[in-house]
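Novice: Residue numbers (our numbering), protein chains in the order written: chain W, 1 to 603; chain D, 1001 to 1521; chain H, 2001 to 2302; chain F, 3001 to 3306.
Questions regarding the structure given below will be posed in turn.
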Amino acid sequence: MNPGAAANAAGPSAVASATAAPVLDVSGLTITVRGEEGEREVVSDLSFTLARGETLCIAGESGSGKSMTSLAVMRLLPKPAARIASGAIGFAGKDLAGLDERAMQAIRGNRIAMIFQEPMTSLNPVLSIGRQLIEAIETHTDLSRREARQHAVEALKAVRIPEAESRLGQYPHELSGGMRQRVMIAMALALQPDVLIADEPTTALDVTVQGEVLELLRDLQRRHGTSIILITHDMGVVAEMADRVIVMRNGRMVEQGKVGDIFEAPTQAYTRELLAAVPRMGTGAARGEAEAPAPAAPDAVASVRDLTVRFDRHGGFLGRVTHRVHAVEGVSFDIRPNETLALVGESGCGKSTTAKAIAGLVPFTGSIAVNGRDFAGLSREALKAVKRDVQMIFQDPYASLDPRMRVGDLVAEPMLIHGIGSAAERRERVAALFERVGLRADQMELYPHEFSGGQRQRVCIARALALRPKLIIADESVSALDVSVQARVLELLKELQQEFGIAYLFISHDMAVVENISDRVAVMYLGQIVEMGTRAQVFGDPRHPYTRRLIEAVPIPDPARRRGNFARLVSEIPSVTRPLGNEPQRLRLADVGDGHLVVAEAV
Amino acid sequence: QELDPNAKPGGDIVITYKDDVATLDPAIGYDWQNWSMIKSLFDGLMDYKPGTTELVPDLAESYEISPDGKTFTFKLRPGVKFHNGREMTAEDVKYSIDRVVNPVTQSPGQGFFASIKGYEEAAAGKADGLSGITVVDPSTIKFELTRPDATFLHVMAINFSHVVPKEEVEKYGADFGKHPVGTGAFKLGEWTLGQRVVFEKNPDYWHKGLPYLDKITFEIGQEPIVALLRLQKGEIDVPGDGIPPAKFQEVMNDPAQKARVVEGGQLHTGYVTMNVNVPPFDNVKVRQAVNMAINKERIVQLINNRAVPANQPLPPSMPGYAKDYKGYPHDPAKAKELLAEAGQGDGFTTDLYVMNTDPNPRIAQGIQQDLAAIGIKANIQALAQANVIAAGGEKEGAPMIWSGGMAWIADFPDPSNFYGPILGCGGAVPGGWNWSWYCNEDLDKKAAEADSIVDPAKAEERNKMWSDIYVKIMEDAPWAPVFNEQRFTMKSARMGGADNLYVDPVHIPINYDHVYVNDVQ
Amino acid sequence: MANPVTPDFPAASASPARPRPGIWRRLVRRPLALIGLVIIAVTLLGAAFAPWLTAFGPDEQMFDGLTLSGEPLPPNTTFWLGTDLLGRDLLTRILYGARTSLFIGIIANGTALLIGTLVGVTAGYFRGWIGSALMRFTDLMMAFPALLLAICLAAVFQPSLWIVAMVIALVNWVQTARVMFTQTSSLTEREFIAAEKTLGASSARILLRHILPHLIPTIIVWGTLGISTTVLLEATLSYLGIGVQPPTPSWGNIIFENQTYFQAAPWLVFFPGVAILALALAFNLVGDALRDILDPTQRGRS
Amino acid sequence: MIAYLARRIIQSILILIGISAITFALLYLLPADPVRQIAGRSATPATVESIRRQLGLDQPFLVQYGRYLWNLVQGDLGRSYIQRSEVSQLIVARLPATLLLMIGAIVCELLIGLTMGLVAAVRRGSRTDDSLMVASFIGVSAPQFVVGLLLLYVFAVRLSWFPIGGYGTFSHLVLPSLTVGIMGAGWYARMMRSSMIDVLYQDYIRTARAKGLDRLTILIRHALPNAILPIVAMVGIDIGILMGGIVVVESLFGWPGIGQLVWQAIQRVDIPIIMGVTLVSAFAIVLGNLLADIVAPFIDPRIKLR
Ligand SMILES: Nc1ncnc2c1ncn2[C@@H]1O[C@H](COP(=O)(O)OP(=O)(O)OP(=O)(O)O)[C@@H](O)[C@H]1O
Ligand SMILES: Nc1ncnc2c1ncn2[C@@H]1O[C@H](COP(=O)(O)OP(=O)(O)OP(=O)(O)O)[C@@H](O)[C@H]1O
Ligand SMILES: [Mg+2]
Ligand SMILES: [Mg+2]
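This is the structure we're talking about:
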């Protein structure tokens, strides 16, 4: 079969391997942004090609221009600041860089689709996800509304969103971070484009679902010969997926090559550094068990008992409550000073909700005590004092930063609120914090939208650290960071812990990171904790089937050990939404030794 | 009353008004808009010759006045039917007047009948009707008065004494004003609240041949400027509110339009009252100074010469107008002298109240400037009508009021009508309309004397007495008369009838019963 | 290792206190905003120096200002903008009228805006019983016949500009409050507000530093449009007797007195109308520029 | 939802009672005497007093107000002092016209205003934007009387496209709606532009573009619902403004609405009419605001009714 014919026959028979003719040909791409002090290049002279059916992974430093590059291909650079200064983007015989808006409309979504990095702000908050999905499908097919709807349901099911049918009517803010991301993925996949640009598509997904989604991408590629540009920090994912890899730094391409070559024989120092920083499963043990604190110390920083959070789902004409989302259902745990408790679990199992409850952002039942003081019955002043001790880093950094404030002021704000230091001192401290999370002090003058996803995440971290609280709740806080920065940030967190005895509630999907940083691990499933114990207990001796699955599903950052196929789960996707009156069964935890708690039934 | 030989019966006309027609109950209606509408639906014992101020019997065929002037006997015209078909009798006449006097009716016209015997009791609700009214037989009715009353025949011609059928009044109760039934030339056809009132010809009208028109439609709620536009487009026949001041020049400068404007006198005077209770207006010299300060010519110019300067309370077309009286000249120098004599040589500050609709604030500003020239600083208080009236009714409420917009248009064409409530002691009470609070017992006596001259033959003598009264008043100068407004009625080209029907002194804007249209086949 | 920062991180300059260009400086750099500022300045100066700018008195009725039949004169060499129905110089009246109208357009309108924003933002942020109480009070004020209140006030107090300003503020804040309320209640549900709450930020801080800046565009719209409406509303109130009384001019009442004459003497409505329009537009130009300057997404717009 | 509605309805009733009390008190304090208006200029003091007694206006304030409320509960708004008809009848006769004009005006405002605002936002900073800005300010600054008269002159007198005032058919409705609408359109245009500009820079608009949607769909389906929230509040407010404040337009076009009724009543201190209209329009305003509040969570699902 000659390559040209293959390019035209977008059928299931299309070959999976890369063919010679490039679908996308970027050459000499330079992107500039205009700021207060004039124009600045964020991508310089970037050239690469993407072949049909190929998966190109772009990895690299956070803020190195990966997202900008993909936005440039879509011609969706943020106006008025950013523009393509020079270069060409060849696609289907046209130069996208010079195409007008109308011509681009025909290409976007249909020929080139994109999954954006930050799903919260990328979904329209006032439209149900069903509408947003169906609309995408309707735009580029001529299916009837009902067929499109059916299509949408299937797409949601494919990304393993439970209760797909009824989720269609929900709004973005009612979904968990991972769900939102999957909605974005479903939207792009449903269009079956020629080129799919996925910007950090799986950061908010637990490894089991991540596996599913990656498999889905491959499936699409196999069937339609789709070319994929995958931007990711997760070297495991790179190893798992990529045909070729581009490594970027400071807006320039540092290195490019076949995935195997890059992993085996990186030529550039930066690439080597990057690979060295990749967290690997099993390395956490090196930290030594000695530090594991004694169980059930009375002076827990936070102690959560029987925490339950439910959301009402309204239905019918009068808007009566018909269903309830049992987001968190009787969760209990303690976090002691100097301790990192990792909370892991399937996307949508209630991790963020637990975090929000501790931060006092959602109404709950049960009890939460911080520093021995129960939330219930605290005066406003006392609550403010408590809040000082608990800081939260939100899962979605962009949404949690006031877009109209400079990030320097945002980071200084907690200190200002609690009356710490003079203005100059605060500035100094902010500058220091910026440095420590790997941002430049002069970036303090910028606004949130002028940052890359990873940079924003670091701003949020800096902000939470500013007060040196007793407890930091970090919800997927390092997911958007490239591994080297991630390593540094994790190092910083540990250091602070040692210095100030900060406790962390660390929510993450990245099992390798969890393994690295946590003292104890709690595994959540459908709103309840199914297993909890020290890192060694959980990783060394996982008892609950879900825990085992999680650990098994972790991709290994080594293309040589690439798994052929993820087992696609065909089982019913379990859901936490239940009709009124049908309460879930409360699971009992049994101690299997040394405080290693596991659901009684699974023992 | 004769018929117009040129008139052809039939056709209909459209008249517009800005304000709602409040009520068509003759016992209640008392604004210039429903005043003449009621006159076409109802009749009284007396009426005026169309276009004039000359009294003629109407529902009465004839009348007799006793020599002492205290008993009036009317012989009713036979065969007069109400719109509901029933024949009108003397009982109805008595019922109608008893009704007005009865306090339950809340009629603003109650006071007009004060000279009839038994008024006090009836007005207080203590008696069932007026003892002074006797139904002699179904076609004869007799009124006995407590004093001779020269205005009584006029009273019998005003709306409040128009005859209503008892059964209809009782049927509709308080809503009679929306379902009027009378004996008039027209009967009510349709009334759509807020939109239109339609009069239809009364085929059984006792005056054969009248009215000429089949139908009159009053369209309600239309701005005068727009009404004029519609007139120019031929959609309506008469703008009821007249030519809007803003359009007056445009109309008068266009010969074609000007030809359709009828100008006439009006029983109206515009004046400035000075409250004699409020210093320094308690000094007659100050009041005279004000009279001399006002440049009436210029004020008339301000309103596009739609009026003539006035020098006394009575308008020129009113019997009793003192033709030889010259009034106060415009003489600021003299006025200043007078002020100095009154000890106000340095001038003073006062308030000039005025109703807030154009052109009144403008006129007030004209007056203000004239007063400023002699050192009187008058601050203008431009307020809604009700507020100005309220201020005027307080003993020391308003030092000066410009009467425009609320000014006196006579109820009936008799010189006495300009005295009682607005210049006599009776009106100088809290809530009264004598805003200058001028009260001269002597003049009150003279007025009573004049009004007891009932004999029509002595009318001239009576008018002379009234002239003297008003000239006397001008010496005390509680008012500064400024001008007498002229009436300018505009009509469509198709409207016919003598000019004086369009400036009829008692029918505003036009005498509906006698006008006609030229384009009926 | 005390400092985990690897050498290849650019070292932070100790405290990069580069001065941010002042808002004022950035404002005057924009030509449209500059035009707006100039118009406002001219109006202010015109009002302040009116007696020196014109040879006539504001209520001086000139004998030669009217035709014999009492018509006003169109613009001519003596009376540059013509005369009014009393033969007064229109230009003079507009200059003096600016005093009243600026006062109303800025003070009364500003007060209304201030109260409305305060109430709406507070109600939208706190919701609960405070919000409910405030919004029901707003409903009550909105449903309340303002004209009646005006008439009553007119009766009780000596008519004065301050009372007009008060009534205008009283009438106009309500609508601002409503709009601010809806926007604030939407903003309050955004995640960055939740983030602020977890920091322990006081409500006052959240309101002032995080909600208010997002409302600035709306405030600018209401503030600038409010100028026209309040200046015209002043005329209605004066008409009812609670404002400035004739012959004191204001742009609104010049229009009101003369609007029926606008076919016969268009200049009487046109010029004061243009004055109002220019003032409102000028504030809008400045407001729009301010909005752009304060809007971070607009950075980099040339 | 139901609990919320119930609470709001109770609150609304309290508001209406509050308004009736304040209005009644103000009217009571008003120095202008209604009886003098009824009695007219020739009435003797005795007549005036007798009318005052008849109407119960000689009673103390609380008695008068109590009686009014009592009648109100029974659905009786009293009789007009001047017109002597039942107030409810007078209002009912004019209500349809007011509502019609209200709808017409709001439709005009939204149609013109939102389009202008949308276009201006999309073409931000262009010539079009500038001219639309000037246009909307002219709309807001031009006195309604003048606008109405101009429209009448051009479209009714000169071109004869529409009747010169009147009430009844659709073509009667056009010019008055437009006159009212032009002013409102200016407001809506500015509001729309302002909130639209904010929305157009949001990430989800980028997402919509990435789907390949055409411009119009993006504007209407994605941007508009996000920008419309303040507009909905405005419509609620508009109901209030239109309910009583369009006297000028009504009389220019001979439109039999409530504005004229209440204006005449205020001039003549016809208390029962003023009270009646106040209550009816208060009801409409309260209802309008309630609707705006109820609609808000549907537009922005993050808002919860509390
Ligand atoms: N709207 C903007 N205005 C100005 N600068 C911007 C804007 N958006 C991004 N930048 C800058 O452009 C650079 C590249 O950003 P980009 O989002 O492409 O990074 P990235 O490689 O995707 O990083 P990450 O992995 O953290 O998402 C960053 O330094 C960022 O500060
Ligand atoms: N405001 C809300 N209204 C209704 N349902 C909600 C709301 N917030 C969260 N939920 C539901 O609660 C469940 C748990 O959500 P949560 O955000 O805690 O998940 P998560 O564990 O953080 O998932 P992820 O890893 O994907 O972020 C989900 O089913 C979500 O749809
Ligand atoms: Mg990125
Ligand atoms: Mg989450």
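Idealized CB from N, CA, C, for every residue including glycine.
In this structure, does DSSP put Ile473 (chain W) in helix, strand or coil?
Specialist: For the purposes of this step, residue 473 (chain W) is taken as residue 473 along the first sequence, with counting starting at 1. Correct three-state label for Ile473 (chain W): strand.
Novice: Name the chain H residues that come within less than 8 Å of Pro3230 (chain F), Cβ to Cβ?
Specialist: Mapped onto the fourth sequence, residue 3230 (chain F) falls at position 230. In chain order: Val2179, Thr2182, Gln2183 and Thr2218.
Novice: Enumerate in chain order the residues of its own chain whose CB-to-CB distance from Pro3256 (chain F) is below 7 Å, with the five nearest sequence positions on each side excluded.
Specialist: Position 256 of the fourth sequence holds residue 3256 (chain F). Arg3094, Ala3097 and Tyr3167.
Novice: Mind listing which residues of the region 1173-1203 of chain D have their C-beta closer than 8 Å to chain F's C-betas, in chain order?
Specialist: Answer in chain order: Ala1174, Asp1175, Gly1177, Lys1178, Thr1192, Leu1193, Gly1194 and Gln1195.
Novice: Can you tell me the Cα-Cα spacing of Phe1200 (chain D) and Lys1208 (chain D), whole angstroms?
Specialist: For the purposes of this step, residue 1200 (chain D) is taken as the residue at position 200 of the second sequence. For the purposes of this step, residue 1208 (chain D) is taken as the residue at position 208 of the second sequence. It should be pointed out that residue 1200 (chain D) corresponds to Glu in this sequence rather than to Phe. Each residue's Cα considered, the two are about 16 Å apart.
Novice: Say yes only if the C-beta of Gly345 (chain W) is nearer than 7 Å to one or more non-hydrogen atoms of ligand 4, and no if none qualify.
Specialist: Taking the first residue of the first sequence as position 1, residue 345 (chain W) is located at position 345. Checking the Cβ of Gly345 (chain W) against ligand 4 gives no.
Novice: Please confirm if the region 3184-3200 of chain F is in contact with the region 1257-1273 of chain D, defined as three or more CB-CB distances below 8 Å between the two stretches.
Specialist: The answer is no - the region 1257-1273 of chain D does not touch the region 3184-3200 of chain F, with fewer than three Cβ pairs under 8 Å.
Novice: Pair every Cβ in the region 2046-2055 of chain H with every Cβ in the region 1321-1333 of chain D, then say whether three or more of these pairs are closer than 8 Å.
Specialist: With the cut-off at 8 Å, the region 2046-2055 of chain H and the region 1321-1333 of chain D do not touch.
Novice: State the Cα-Cα distance for the pair Gln3264 (chain F) and Ile3274 (chain F), rounded to the nearest angstrom.
Specialist: Residue 3264 (chain F) sits at position 264 when you count from the first residue of the fourth sequence. Residue 3274 (chain F) sits at position 274 when you count from the first residue of the fourth sequence. For Gln3264 (chain F) and Ile3274 (chain F), the distance between alpha carbons rounds to 9 Å.
Novice: Does Asn1484 (chain D) come out as helix, strand or coil in the three-state DSSP assignment?
Specialist: Numbered from 1 along the second sequence, position 484 holds the residue referred to as residue 1484 (chain D). Asn1484 (chain D): strand per DSSP, three-state reduction.
Novice: Is the Cβ of Ser3194 (chain F) closer than 8 Å to any Cβ of chain D?
Specialist: Walking along the fourth sequence from the start, residue 3194 (chain F) turns up at place 194. No, no contact with chain D.
Novice: Looking at the structure shown, is Pro557 (chain W) part of a helix, part of a strand, or coil, going by DSSP?
Specialist: Here the question's residue 557 (chain W) lines up with position 557 in the first sequence. Of the three classes helix, strand and coil, the one that applies to Pro557 (chain W) here is coil, per DSSP.
Novice: Cα-Cα, which of W:Arg218, W:Gly453 and W:Ser128 is closest to Gly169 (chain W)?
Specialist: Along the first sequence, one-based indexing puts residue 169 (chain W) at 169. Of the listed residues, the one whose Cα sits closest to Gly169 (chain W) is W:Ser128.
Novice: Quick one: is Ala2055 (chain H) near chain D, going by C-beta distance under 8 Å?
Specialist: The residue labelled residue 2055 (chain H) in the question sits at position 55 within the third sequence. No, no contact with chain D.
Novice: Could you please go through the chain and list the residues whose beta-carbon is closer than 5 Å to any non-hydrogen atom of ligand 4?
Specialist: So the residues near ligand 4 by this Cβ test are W:Ser176, W:Gly177, W:Ser352 and W:Gln395.
Novice: Can you tell me the Cα-Cα spacing of Ala294 (chain W) and Ile472 (chain W), whole angstroms?
Specialist: In the first sequence, counting from the first residue as 1, residue 294 (chain W) sits at position 294. In the first sequence, counting from the first residue as 1, residue 472 (chain W) sits at position 472. Only weak support is given to the placement of Ala294 (chain W): the predicted model assigns it a pLDDT of 47, under 50, and the value that follows is read from those uncertain coordinates. Going by the C-alpha atoms only, they are around 21 Å apart.
Novice: Using only the alpha-carbon positions, how far apart do Val3247 (chain F) and Gly3259 (chain F) sit?
Specialist: Indexing the fourth sequence from 1 puts residue 3247 (chain F) at position 247. Indexing the fourth sequence from 1 puts residue 3259 (chain F) at position 259. Roughly 5 Å between the two C-alpha positions.
Novice: Please give the ranges of any beta strand (DSSP E) in the region 1019-1069 of chain D, keeping only runs that are unbroken, at least 3 residues long and fully inside the region.
Specialist: Runs found: 1046-1048, 1055-1057 and 1060-1065.
Novice: State the start and end residues of the unbroken beta strand (DSSP E) segment that holds Phe2126 (chain H).
Specialist: On the third sequence, position 126 is the one that residue 2126 (chain H) refers to. Counting along the chain, Phe2126 (chain H) falls outside any beta strand (DSSP E), though it belongs to the alpha helix (DSSP H) covering Asn2109 to Phe2126.
Novice: With hydrogens ignored, establish whether the beta-carbon of Asp2139 (chain H) is closer than 7 Å to any heavy atom of ligand 3.
Specialist: Translated into positions along the third sequence, residue 2139 (chain H) becomes position 139. No, the Cβ of Asp2139 (chain H) stays beyond 7 Å of every heavy atom of ligand 3.
Novice: Note down, in chain order, every chain D residue with its Cβ under 8 Å from the Cβ of Thr3044 (chain F).
Specialist: As a first step, residue 3044 (chain F) is located in the fourth sequence; it is residue number 44 there, counting from the start. What Thr3044 (chain F) touches in chain D: Gln1110, Gly1111, Ala1114 and Gly1426.
Novice: Kindly identify the DSSP beta-bridge partner or partners of His314 (chain W).
Specialist: The residue given as residue 314 (chain W) occupies position 314 in the first sequence. The partner list for His314 (chain W) (beta bridge, DSSP) reads W:Val321.
Novice: Helix, strand or coil for Glu289 (chain W), going by three-state DSSP, please let me know.
Specialist: As a working mapping, residue 289 (chain W) is identified with position 289 in the first sequence. Low confidence applies here, because Glu289 (chain W) scores a pLDDT of 48, under 50, leaving its location unreliable; read the following figure in that light. Looking at Glu289 (chain W) - three-state DSSP - the assignment turns out to be helix.
Novice: Short of 7 Å Cβ to Cβ, which residues in the region 2238-2252 of chain H face chain D?
Specialist: Correct list: Tyr2239, Leu2240, Gly2241, Gln2245, Pro2246 and Pro2247.
Novice: Between Ala3292 (chain F) and Met3243 (chain F), is the Cβ-Cβ spacing less than 8 Å?
Specialist: The residue you call residue 3292 (chain F) lines up with position 292 of the fourth sequence. The residue you call residue 3243 (chain F) lines up with position 243 of the fourth sequence. No. Outside cutoff.
Novice: May I ask you to verify whether the region 1045-1064 of chain D touches the region 1112-1128 of chain D, counting CB pairs closer than 8 Å and requiring at least 3?
Specialist: Cβ pair count under 8 Å is below three, so no.
Novice: Would Gly1375 (chain D) count as contacting chain H if we go by Cβ distances under 8 Å?
Specialist: The residue labelled residue 1375 (chain D) in the question sits at position 375 within the second sequence. No, no contact with chain H.
Novice: Do Glu1485 (chain D) and Arg1260 (chain D) have their CB atoms nearer than 8 Å?
Specialist: Taking the first residue of the second sequence as position 1, residue 1485 (chain D) is located at position 485. Taking the first residue of the second sequence as position 1, residue 1260 (chain D) is located at position 260. Cβ atoms of Glu1485 (chain D) and Arg1260 (chain D): not closer than 8 Å.
Novice: For a cutoff of 8 Å on Cβ pairs, would you count Ala1498 (chain D) as touching chain F?
Specialist: Within the second sequence, residue 1498 (chain D) is the residue found at index 498, counting from 1. With 8 Å as the cut-off, Ala1498 (chain D) does not count as an interface residue toward chain F.
Novice: Any heavy atom of ligand 3 within a distance shorter than 7 Å of the CB on Asp199 (chain W)?
Specialist: Counting from one through the first sequence, the residue named residue 199 (chain W) turns up at place 199. Yes, Cβ of Asp199 (chain W) sits closer than 7 Å to a heavy atom of ligand 3.
Novice: Out of curiosity, what's the CA-to-CA distance linking Pro2266 (chain H) and Ile1038 (chain D)?
Specialist: Residue numbering aside, residue 2266 (chain H) sits at position 266 when the third sequence is read from its first letter. Residue numbering aside, residue 1038 (chain D) sits at position 38 when the second sequence is read from its first letter. Their backbone Cα atoms lie some 40 Å apart in a straight line.
Novice: In angstroms with no decimal places, state the Cα-to-Cα distance between Glu240 (chain W) and Pro3301 (chain F).
Specialist: Residue numbering aside, residue 240 (chain W) sits at position 240 when the first sequence is read from its first letter. Residue numbering aside, residue 3301 (chain F) sits at position 301 when the fourth sequence is read from its first letter. Straight-line Cα distance between these residues: approximately 39 Å.
Novice: Could you work out which residues of chain H lie near Pro1244 (chain D), taking near to mean beta carbons separated by less than 9 Å?
Specialist: Taking the second sequence and counting its residues from 1, the one referred to as residue 1244 (chain D) is at position 244. Under the 9 Å cutoff, chain H gives Thr2260.
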